[in-house]
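Be aware that the sequence shown starts at 3, since it is given in this note's numbering, and climbs by one per residue.
Don't be surprised by glycine CBs; every beta carbon is placed ideally from N, CA and C.
Please read the structure below before turning to the comments.
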Amino acid sequence: MNTSFRFDRSRKLLDSVSYNLVFKKSHHSHDKYFTVLSHNKEEEIPRLGMAISKKNCRHATNRNRIKRVVREIFRQNQKILLGLNIVVINKPSSTYAKNDELTRSLEKHFKKCISCK
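This is the structure:
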């Protein structure tokens with residue numbers, strides 16, 4: 003297994019300081035499924051944070067499915083997301099969207115994040 007494609011602890015936003023920095027100084031991208039915030043940083047390793055709320059997605063199984071899709075798309079695109087901290091926030095319409103719709107949405111958001119770099 004190629005370790006560069008793993009989604010390990012170093013690829014996650016873990017503390018409130020990191021989240022606050024992204025929330026305060028970020029580029030925003032919106033659609034009907036997600037709001038994606040991105041912030042440039044000095045380090046090369048891209049990091050992902052998720053805010054998949056119970057308010058927008060009542061069932062844990064749906065929240066977990068959304069998180070799995072977000073992590074997988076981030077993992078697949080991490081080579082092009084170098085130097086970014088990204089936070090993905092779900093919207094209510096993401097709850098019953100199909101995985102391929104969520105995938106297309108996130109790929110568009112990630113392309114916008116790269117162009118705003």
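For residue i, the nearest candidate out of the options (CA to CA)
i: I47; options: A62, R77, T63, N66; result: R77
i: R106; options: D33, N87, V89, M52; result: D33
i: K113; options: Q80, G51, R67; result: Q80
i: N64; options: K93, N42, Y98; result: Y98
i: L84; options: L108, S40, S20; result: S40
i: K93; options: K119, F9, S28, K56; result: K56
i: E109; options: E45, D10, K43, V38; result: V38
i: K14; options: S28, R73, H29; result: R73
i: L86; options: R8, D10, S20; result: S20
i: L16; options: V71, I88, A62; result: I88
i: I68; options: F36, K43, E45; result: F36
i: R60; options: C115, S96, K119; result: S96
i: I91; options: H111, D102, I82, K100; result: H111
Reduced DSSP secondary structure (H/G/I, E/B, other) of residue i
i: K27; result: coil
i: M3; result: With a pLDDT of only 43 at M3, under 50, the local geometry of the prediction cannot be trusted, and the value read off the model is given with reservation. Looking at M3 - three-state DSSP - the assignment turns out to be coil, as it is neither helix nor strand.
Buried or exposed by the 16-neighbour rule on C-beta atoms within 10 Å, applied to residue i
i: F9; result: exposed
i: S12; result: exposed
i: M3; result: Residue placement at M3 cannot be trusted, given a pLDDT of 43 that sits under 50; what the coordinates show is reported in the next sentence. With fewer than 16 Cβ atoms within 10 Å of its Cβ, M3 is classed as exposed.
- Message: If we require 3 or more residues per run, which beta strand (DSSP E) segments fall completely within the segment 49-118?
- Response: 49-53, 86-92
- Determine contact between the segment 43-58 and the segment 18-29, defined as no fewer than three beta-carbon pairs at a distance below 8 Å. yes
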